[in-house]
Each structure stands twice: as structure tokens, then as C-alpha cells.
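Undergrad:
There are 2 protein chains.
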Amino acid sequence: MAVSVGIVEDHAEFRKSLVFLVSSIEDYKVIWSFGSVEEAIEKGYTPDVVLLDINLPRMTGLEAIALFKSKWSDAKIVMLTILEDEYNILTAIKNGADGYILKKTNPQKILDAIQQVFDGGAALTPMVAKQVLSFFKDEKKEQEQASILTKREQEILTCIVSGLTNDKIAAMLFISTQTVRNHIKNIYEKLHVHSKAQVVAKALKEKMI
Amino acid sequence: MAVSVGIVEDHAEFRKSLVFLVSSIEDYKVIWSFGSVEEAIEKGYTPDVVLLDINLPRMTGLEAIALFKSKWSDAKIVMLTILEDEYNILTAIKNGADGYILKKTNPQKILDAIQQVFDGGAALTPMVAKQVLSFFKDEKKEQEQASILTKREQEILTCIVSGLTNDKIAAMLFISTQTVRNHIKNIYEKLHVHSKAQVVAKALKEKMI
DNA sequence: CTGAATATGACCCCAAAGGGCTATTTTTTG
DNA sequence: CAAAAAATAGCCCTTTGGGGTCATATTCAG
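Which chain is which? The protein sequence lines are B and P, in order. Each residue of the first sequence is one higher than the one before, counting from 0 in numbering that gives the first Met the number 0. Each residue of the second sequence is one higher than the one before, counting from 0 in numbering that gives the first Met the number 0.
Structure, rendered in C-alpha cells:
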């Protein structure tokens, strides 16, 4: 059974090339190709894989990802674009894209990407993968520098996130409840928050603990 | 000028195969290969790319990444391992690996990876890329747990996580503070918690919002 | 060595949160 | 339609938390 492919690309020339490229392989079958998201949603039927441009008239490819995913929940989405900036890459990934390939990539790699996402993997061209990974590394750096809190404050922060009351924290650390409260006040000031709920949200979202 | 490659792999058989594979290409040159991190650090000299196993005697490949990077700051590190769990993948990336390839990958892909990282990109096999991307998407675990809560309760949960007081929540939802308190009590009962700090921790850890 | 940062502890005040009730209206669902 | 679930709102009382100010011992870095 051939892999069915849908294509959304507004440049007619390039769209034709894509259709030709993908159709040239026996295992793949282009079941539709359109110049806009709206047409694809309206007229396209369930594909295994969608090749999706980002710069499109009216609705962008980024917005279309969720739409396609909700309409065809099993379809894999491969972004195929010239855009290789952090915003577009990360947004596509967060929205659920399974692959992100640059148009300048060698055509064989586009076919590889189709196969890879169809097999349940993800497909990223090396330069895109690089960006994704460096985003990770930056996250780690921020984590490390986030130690504005003193050792004691971090201990108490951990207790707060565990849901302990001040009395329990005091008992656990063998200090008075007053001292716990003072540390908490200092933590609040440093993190610019005003309640335990806020401090827990901040600590977990910014992976401070 | 050929790309110089260093290899750290403790299985002698597989190490030999790797040396043979990489050396078979004119553009690549294996300048050293060792069975442990310690040997590589001591005897190896600056390579362009290091192929690095994770399961190694004494020091693991994960720990070695930082070491190699500090010794040879321009060297690219490609993990080559059978481990494809989240911990190993993410740790390798956070520690600065430029590639993560599974041993079961087709040999040509290993050579591709060397070229890709040498060219300044990153190399991930599709299944690894998949894991990295799903980490990004913050793929909420089971939705069932969240659906214990009613729509209203989820709205209020979101407000709590945002750090709002009951009064603010009431004002925002155009209901009385008492009603907010009642909803919160119900949320606490359903989630088996007893404070806002606990509910925030639970909601964020279990990705309920 | 000395001053700054940290850790400890206390006081007051009152706002906020939490637990236990009951009760009505609306919405959902079998 | 009738029962169940959800949303609304009120009451009581107690505990906890948040903000301000002050004070002392210890630790750490210039």
C-alpha cells in the first residue's frame, strides 16, 4: 500500500515539481495538492503525510497544523519551507509538526522525510536540528543561572513545591516557623511573587527545582 | 582536507567495524579509536568529530561530552548508542552533543551524521528526533486525569496556577467568592490536595493545564 | 580584618485560605 | 421526563499565609 501524500504550496511551479518528485517513487502517491490551506481543508481527503509550506495566502502553514491534525488525527505533517528562524521552527514543533525540512534541501531528503514521519519518526534537516538542540542547551544555561536563591532558600522552595505548610517546613529543617516565614518573604522578593501558588508555578515552569 | 574522526566504543568488534566503515570513505580519516573515555582523553589528539558510545567502562559517554568539549572546543560530538530513552537523549543534548544516532541505524546514516555535524548542523535519527520534539510539545500525558475536573473547575484551576486570589478569580469569572471557594474545595477533593500550592504543583507536574 | 550576605528568631496585624455545612437553580444525561 | 451532575451562593469557624519592622549570630568574600 502506497503512502498517500497531500501537498499545500502556493507557488504553482514548485508545487508541480513536488508532485512530480513524490509521484516518481512507486511507494508514494500524491492524492491532492493545493495552493492554500482553505482549499486543502475543504477538498482534500485523509492523507498519510502532508507537505506544508508556511508562507501561504491568508492562513499560514503554522496555523494550519492544528487544523489538519484535528481533521486527520493520524496524518503526519512535514513543514517544507525556506524559513529557518527560531520562531517558525519552534512554533511549528509546538503546534505538532512531525518534520521540518528546508526547501533548499536535496530532493532525496524530502522523500526520506516522508518515509521517516510515516514510520513514526521525526524528520529535521541538520540545520534545523541544530537550532532545536541549541534551544535546549540555552534552556539549561538559564536553569543554572537561576540560582539567585541561597541554599537555604532553595531547600525551602523545594518544601513549598512539595505542598508543605510553614510549620511542617520548620519541623523538617529544625528551625522556627518565623525563620521559615522570613526565608519565604525573601524568596518572594527575589522572584517577584506574592503567594505560594505563584512561587510553585514559577519554580516548576522555569525548572528551578 | 579529510574530516578527522575519533571513536570511543568499548566493544572491540563494533569498534573495528566502525573504523573500517569510516575509513572506507576517502573524505574521512579515523585518527584514533579507544575503548574508554580515559584513554581517549589521555592519548587522543584533536579530532573534527568524535563518535561516542554511552555505555562505557567507568566514565559514561554522557559525562565525557563536557570533557571532550573543554579539551577540544571545536570538536563535534556524535553519540552512537543503543539507548533511546528520554533521559539519555536529553542529557546528551543538554551536555552539548551535536548528534545522537542509534547503533541500529543503517551505516550510511552514520557517515551522513559525521558530515552533517562537521558542516555545522545537528544529526538525529528519526526516532530520536521524535522524542526531542515531543518533549518540546510538552505532550500532555493522559488527558483522562484532567477530565476528572469539570469545565468550570478547569477554568478555576488555570486561575489558581496563574496565582490569582479567590477574589480576583471571582471577579474574572463574574461569580461570587463563595462559589469560587466551593469549586476549589471540589477540586481539592478530586485531586486529593489541601492547598493552592499543592494543586499548582500537581497541575503542572501532571500537565493538566 | 571588616563589611556584606546569610541564617536565625521575634513581634504585630489582618487578609486569605481551608474545612464543614446547607441550599437553590441550571444543565446534562440516561 | 426524572435523576444526576454541575454551578451558583450563603453561613460558621479555625488555620495559614503575607507584609512590615527589628535584632543577633554566623559565614563569606574583598
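Every residue gets a Cβ at the ideal spot worked out from N, C-alpha and C, and that includes glycine.
So E49(P) and G5(P) are in contact, right, with Cβ under 8 Å, and what is the actual spacing, rounded?
TA: According to the sequence provided, residue 49(P) is Val. The question's Glu does not apply to it. That belief holds up - the Cβ atoms of V49(P) and G5(P) are roughly 5 Å apart, short of 8 Å.
Undergrad: Using beta-carbon positions only, say whether V77(P) and G98(P) come within less than 7 Å of one another.
TA: yes
Undergrad: Hey, is V211(P)'s beta-carbon within less than 7 Å of any beta-carbon in chain B?
TA: Because chain P is modelled from 0 through 208, residue 211(P) falls outside the range shown and cannot be assessed.
Undergrad: Quick one: residues in its chain with C-beta nearer than 6 Å to the C-beta of Q142(P), no 5 flanking neighbours on either side, listed in chain order?
TA: Unreliable positioning characterises Q142(P) in this predicted model, as indicated by a pLDDT of 36, which lies under 50. The coordinate reading is nonetheless provided below. Excluding sequence neighbours, Q142(P) sits near nothing in its chain.
Undergrad: Just checking, does the stretch 84-95 of chain B make contact with the stretch 96-116 of chain P on the three C-beta pairs under 8 Å criterion?
TA: no
Undergrad: Do V179(P) and A200(B) have their C-beta atoms closer together than 7 Å?
TA: no
Undergrad: Note down, in chain order, each residue of its chain lying with its Cβ closer than 6 Å to the Cβ of L28(P), except the 5 sequence neighbours on either side.
TA: The question names Leu, but residue 28(P) in the sequence shown is Lys. The answer, listed in chain order, is A1, S3.
Undergrad: So for K102(P), helix, strand or coil by DSSP?
TA: coil
Undergrad: Return no unless some Cβ of chain P is closer than 7 Å to the Cβ of Q197(B).
TA: Yes, contact with chain P.
Undergrad: Please state the DSSP three-state secondary structure of L156(B).
TA: DSSP, read as helix, strand or coil, puts L156(B) in helix.
Undergrad: Quick one: is P56(B) buried, meaning 16 or more other Cβ sit within 10 Å of its Cβ, or exposed?
TA: exposed
Undergrad: With a CB to CB cut of under 8 Å and the five nearest residues on each side skipped, what residues in its chain are close to E83(B)?
TA: L101, M126, V127, Q130
Undergrad: Going straight from the alpha carbon of S35(B) to that of I159(P), what length do you get?
TA: 41 Å
Undergrad: Could you run through the stretch 65-83 of chain B and flag, in chain order, every residue whose CB is less than 9 Å away from some CB of chain P?
TA: none
Undergrad: Near H191(B), which residues of its chain fall below 8 Å by C-beta distance, leaving aside the five closest residues on each side in sequence?
TA: Answer for H191(B): no residue qualifies.
Undergrad: Could you check the C-alpha separation between I53(B) and Y44(P) for me, to the nearest Å?
TA: 45 Å
Undergrad: Are E152(B) and I186(B) close, meaning C-beta to C-beta below 7 Å?
TA: yes
Undergrad: Taking only beta-carbon atoms, is K140(P) less than 7 Å away from chain B?
TA: In this predicted model, K140(P) has a pLDDT of only 36, less than 50, meaning its place in the structure is not dependable; the value taken from the coordinates is given anyway. For K140(P), the answer is no, since every Cβ of chain B falls outside 7 Å of its Cβ.
Undergrad: Ordered along the chain, which non-local residues of its own chain (more than five positions away) have a Cβ less than 6 Å from that of E68(B)?
TA: It should be noted that the sequence gives Lys, not Glu, for residue 68(B). Closer than 6 Å at the Cβ level, and outside the excluded window around K68(B), lie G95.
Undergrad: Determine whether the beta carbon atoms of P7(P) and L51(P) lie at a separation below 7 Å.
TA: Per the sequence shown, residue 7(P) should be read as Val rather than Pro. Cβ atoms of V7(P) and L51(P): closer than 7 Å.
Undergrad: Tell me which residues of the stretch 41-59 of chain P have at least one Cβ-Cβ distance to chain B shorter than 7 Å, keeping chain order.
TA: Here the close residues number zero.
Undergrad: Suppose you measure from the CA of M58(P) to the CA of A112(B); what does that come to, to the nearest Å?
TA: 35 Å
Undergrad: Step through the CB atoms of chain P and report whether any lies within less than 7 Å of the CB of L156(B).
TA: no
Undergrad: Could you check which residue in Q114(B), I183(B), I81(B), I30(B) has the C-alpha nearest to that of T157(B)?
TA: Closest option to T157(B), Cα to Cα, is I183(B).
Undergrad: Can you list, in chain order, the stretches of the alpha helix (DSSP H) that have 4 or more residues and sit fully within the stretch 70-117 of chain B?
TA: 85-94, 106-117
Undergrad: Say whether chain P places a C-beta atom closer than 7 Å to the C-beta of Q144(B).
TA: Annotation note: pLDDT 43 at Q144(B) (below 50); position unreliable, no value reported.
Undergrad: Could you confirm whether any beta carbon from chain B is found closer than 7 Å to the beta carbon of K129(P)?
TA: yes
Undergrad: Could you give the distance in angstroms between the alpha-carbon of D166(P) and the alpha-carbon of T176(P)?
TA: 6 Å
Undergrad: If I measure Cβ to Cβ from L20(P) and keep anything under 6 Å in the same chain, skipping five residues before and after, which residues do I get?
TA: P106
Undergrad: Taking Cβ positions only, does Q115(P) come closer than 7 Å to chain B?
TA: yes
Undergrad: Would P125(P) count as contacting chain B if we go by Cβ distances under 7 Å?
TA: yes
Undergrad: Using a Cβ cut-off of 7 Å, pull out every chain B residue sitting near L132(P), in sequence order please.
TA: I92, A121
Undergrad: With a CB to CB cut of under 8 Å and the five nearest residues on each side skipped, what residues in its chain are close to H193(P)?
TA: Y187
Undergrad: To which residues of the same chain is E138(P) closer than 6 Å at the C-beta, ignoring the five residues directly before and after it?
TA: Reliability of the predicted coordinates at E138(P) is poor, the pLDDT of 41 falling under 50, and no value is obtained from them.
Undergrad: Any idea what DSSP makes of F134(B), helix, strand or coil?
TA: helix
Undergrad: Does any residue of chain P bring its CB to less than 7 Å from the CB of I24(B)?
TA: no
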